[in-house]
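In what follows, a structure is listed as structure tokens, so that the remarks can point back to it.
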């Protein structure tokens, strides 16, 4: 038989596109449209509809960047239309070729202000309930959001800041038409689309492919090309057998979970995200009214909170569907945060505030952590997940790895303390699936656990900018439930998937350590002010809670729970995985900086008020300082206040070198500002390797292949610029050495001095940065021979190789960490601590005289040009300290730099203390979330070993118990909750009643 399959397929495709699709909506009637453009920020419905509207015609330009235009669409249903015909208003706001969520969108209202659903590309219909001959009106709040990404050429754009965005209209109105939806034609279109979709992925020699092709050919033959609806029912009947053939017995099975990834900010501000949530959730509840088996999962308590505040009607519809079990809150976090940079306590509070919201509003205890799009996952996370009383974890982003492929899709993920979390990494490789054959076949072919399990989860629906599932996707899901040539698709909930997967895969593989993303490494450094705001806010919150709790227990002071919660909510929002990483438009980061400034002011007032209340002496003393750190500083006890006892240092000149000396070390700095020697007195060891010098400011060209704000490519190492040398001779001012550098369009000044306790060399670096596409690092070669370095993460640290033995090692050429990084040999180690840096590289090099030395380079600043063309411009101040000593000495340095002593008037006894191992660190002291007045203490083992100690309250305590992060007692309790026998990096929360 002659092979004419290509010709037949081409005929079918054209017939589908040009005959079937246009016949789904019939009897089009143009509507009258009028518009009113809001002059500034969005306004409420009742204010908008009272304004004067002017005609808007098809082809008219509308919508300047970030504007809001209200449309009033009105008309009359023709009197001769059948009463049972489905009437739909089809509106084209001027859709661009790009995806939904990245361009214009609208929210539709009835004249009384009730929300109907959203308008978006590929979802541009509105149901009309008016009867034949009746008039109707629909209002649309249309957002003219610019498509910042465009064709993803990553070129600078002025659209990301309303102050620089041009005022010209972005969109051309495409008209509004009242139509009839021909349900038979709609069903036929989905039948044909689904079969074409499946057929296209089958082998040319497949009998199933040939069968589908011939069935579609017969259906097309039945249809009259001049009147397609006339025989649509017969065409559908001809396809019943082909659509009824079941999937193979061993075909892959997917649980399809409706989803809409909504970035809480990214290429749009949070103001717009609030509206995206309303649009998406209104679409979802509308679909639930039409498809009884449809379930939808949505994360981020913050987004539900916005919906409750701004769109209470939609929120109540969502609440009802949550009660039905079809709208499923997931994630248990305040936002889908970054997990590399938030500190331990902040990461814990993501779960505390998130899970509390879901419990309070819906009575739902979320069990899954849902982070499909964050840029890598800290090894400290599994323990935090478990401590929040959650069991399962889902991510997608690791599929973006540039170099290596994860060997598992369903596995146990083990964190730094040994805690394991059941984890799924969907092999479909997207969290925005449309349930196409390409996607479903990829899920089947890539599934690493095949042979042991044939089950995976597929999140489907338009995302990033929201939108969610469409009726087209749901119709495809129903047809692919059991269809030969396709994996089996079952609409379901995430908890159903995890229960089934765990039952099938009884001995899952174990992945130990971080889930490092081999991509987007620049997010550890971009937008340095946002990162400093996060670090500072986290520590101010610690201080505010500590002193407020101490004052509330010791005095009549009223604990400011609402104020603290509001500040936490603001800070946790800024930890969203496109805000804290620095990958958003200028508007977002400007807003973040304003938020951090406001939080600092509010928390500063809480701290001042609490310390003033605790001042029993009422006599100011310049020597008394409050120490919020969990370690002794300058003789001041942890978590208390007392006179400080700083140690003296000496500074002198010696043959062209400046010598800085304390009882613990001697440092020599040359005329270039470089640290040429640092001798530790205790060990008599030289820190700087032979022939090397530290404190080097290093600059590189930084032009990644793509994703400018996100990526640092390894090629930066091939394009170094000259190391910065002092522009003037270093000068001595008081007890410090000052150095000034000039480079390109920027200036750098440094202040080097001894720490107040004399044990560390402190370096303050002030940069007035005006570079473009450059990377600035601060480098320290350390005379330590090692194959690994330690980096602080949440509630502990992780050790990473400094060699490049494997592709996995080589791909970690830029890594994240918190307050310190450390290299060590047996008996000798050096820690570099910081007050705002997250990105760095640590490598090993051949040492003059034999062996190797370690090189730590802190990434201070970048200057990407997309999506914010002015990222990081201006002044920044970085503080580092270099200290020889034990690992716990290094931990202490991290706390010292980030929790500086604060002058106060009188001594303060710590509310609690640790008796025993110094490795037991108190991370938080606060009053209970429930308002009971109970004291909550969160602590962890910091050295990575076993530790025994006792938590000692200095107030009159009642009963104590071990709790989860939400401060609920664990079912099993030790005999003595205050007695601590901790395993490595163990995290413990203790609740102490007040007698």
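Residue numbers (this note's numbering): 176 to 1170. All residues carry an ideal CB built from backbone N, CA and C; glycine is no exception.
Whole-angstrom distance between residue j and residue i, CA atom to CA atom
i	j	result
residue 1132	residue 1110	9 angstroms
residue 924	residue 434	50 angstroms
residue 1184	residue 508	The structure shown has nothing for residue 1184, since the chain only spans 176 to 1170.
residue 1010	residue 705	13 angstroms
residue 743	residue 528	9 angstroms
residue 737	residue 1139	21 angstroms
residue 930	residue 708	23 angstroms
residue 389	residue 240	50 angstroms
residue 684	residue 621	16 angstroms
residue 649	residue 366	12 angstroms
residue 935	residue 763	37 angstroms
residue 145	residue 1148	For the chain, the structure presents residues 176 to 1170; residue 145 sits outside this window and is missing.
residue 147	residue 450	Because the chain is modelled from 176 through 1170, residue 147 falls outside the range shown and cannot be assessed.
residue 559	residue 1142	13 angstroms
residue 123	residue 731	The requested residue 123 is not part of the displayed model; the chain covers only 176 to 1170.
Counterpart residues of residue i in DSSP-defined beta bridges
i	result
residue 200	356
residue 1027	1021
residue 1091	1124
residue 928	937
residue 913	906, 926
residue 742	Beta-bridge pairing links residue 742 to no other residue.
residue 520	Paired residues: none, contrary to the question.
residue 437	639, 640
residue 1100	1112
Nearest-angstrom Cβ-Cβ length linking residue i and residue j, presumed shorter than 8 angstroms
i	j	result
residue 354	residue 295	Between residue 295 and residue 354 the Cβ distance is about 18 angstroms, and since that is not below 8 angstroms, they are no contact.
residue 800	residue 1085	So it is not a contact: roughly 14 angstroms between Cβ atoms.
residue 950	residue 890	Their Cβ separation, rounded to whole angstroms, is 11 angstroms, which puts residue 950 and residue 890 out of contact at 8 angstroms.
residue 962	residue 981	Going by Cβ atoms, the distance from residue 962 to residue 981 rounds to 12 angstroms, so no, they are not a contact pair.
residue 348	residue 235	5 angstroms
residue 468	residue 670	About 16 angstroms separates the two Cβ atoms, so there is no contact after all.
residue 662	residue 429	5 angstroms
residue 646	residue 370	That pair is no contact at about 18 angstroms.
residue 1036	residue 1043	Going by Cβ atoms, the distance from residue 1036 to residue 1043 rounds to 14 angstroms, so no, they are not a contact pair.
Cβ pair residue i, residue j closer than 8 angstroms
i	j	result
residue 445	residue 216	no
residue 204	residue 257	no
residue 667	residue 473	no
residue 1014	residue 734	no
residue 694	residue 515	no
residue 848	residue 910	no
residue 1041	residue 555	no
residue 966	residue 957	no
residue 1067	residue 806	yes
residue 280	residue 454	yes
residue 187	residue 364	no
Residue i Cβ short of 7 angstroms to the ligand ATP heavy atom set
i	result
residue 1038	Looking for the ligand ATP in the displayed structure turns up nothing, as the structure carries no ligands at all.
For residue i, three-class secondary structure by DSSP
i	result
residue 597	strand
residue 317	strand
residue 731	coil
residue 974	strand
residue 1007	strand
residue 1065	helix
residue 712	helix
residue 1076	coil
residue 1051	strand
residue 508	coil
residue 428	strand
residue 654	helix
residue 876	strand
residue 557	helix
residue 688	coil
residue 302	strand
residue 942	strand
residue 1159	coil
Minimum Cβ-Cβ distance from residue i to chain D less than 8 angstroms
i	result
residue 321	The chain inventory of the structure shown lacks chain D, comprising one protein chain alone.
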